[in-house]
């Protein structure tokens, strides 16, 4: 029997290489399994929503909350119907009614219509303090104004990826 001597670097390379290759293979398998959802094609819609003028129309005294240098976006497809949301959080000393009045006027000028937060059913379906809707390039979009904490509020724009209307 002939033995082959391996240098310490070869042994270390094999010791690190095999587990790394295995991990990469598993990662590729997991990515393929979970990233083939509808969210894989959400970048264009997310960018479109993030560019809506309503995000550049906060109340005069509002400023992005600490740590909010840009909008946060997410795509969710865990319920079967994929949808995207783009959100900004603002701090403001203005009262809730003043912030809501501001967005009612701003949204109205931009073509948004007020939607009942209960979808017309009489029972609220979500936490939005006010909700608006409009079509953006043929797809329905929701605008929600939510009060997260005292002195802060969220402006969220949401859309399904397949064009299915979403209720407030």
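Numbering (my numbering), first residue to last: 194 to 361. Glycine residues also receive a C-beta, built at the ideal position from the N, C-alpha and C atoms.
Mapping the DSSP letters down to three states, classify residue i as helix, strand or coil.
i, result
"residue 268", "strand"
"residue 324", "strand"
"residue 351", "strand"
"residue 340", "coil"
"residue 286", "coil"
"residue 345", "strand"
"residue 238", "helix"
"residue 258", "coil"
"residue 306", "strand"
Take residue i as the anchor and find which of the options has the nearest alpha-carbon.
i, options, result
"residue 355", "277, 284, 338", "277"
"residue 351", "293, 238, 282, 294", "238"
"residue 347", "269, 305, 296, 328", "296"
"residue 359", "264, 324, 263, 259", "324"
How many Å lie between residue i and residue j at the Cα?
i, j, result
"residue 236", "residue 285", "30 Å"
Count the other CB atoms, across all protein chains shown, that sit within 10 Å of the CB of residue i; report buried if there are 16 or more and exposed otherwise.
i, result
"residue 342", "exposed"
"residue 357", "exposed"
Does residue i get closer than 8 Å to chain D when you measure Cβ to Cβ?
i, result
"residue 342", "Among the protein chains of the structure shown there is no chain D, as only one such chain exists."
When every heavy atom of the ligand FAD is checked, does at least one fall within less than 7 Å of the C-beta of residue i?
i, result
"residue 238", "What this structure holds is no ligand at all, so the ligand FAD is not there to describe."
Per DSSP, what are the beta-bridge partners of residue i in this structure?
i, result
"residue 332", "329"
"residue 279", "266, 350"
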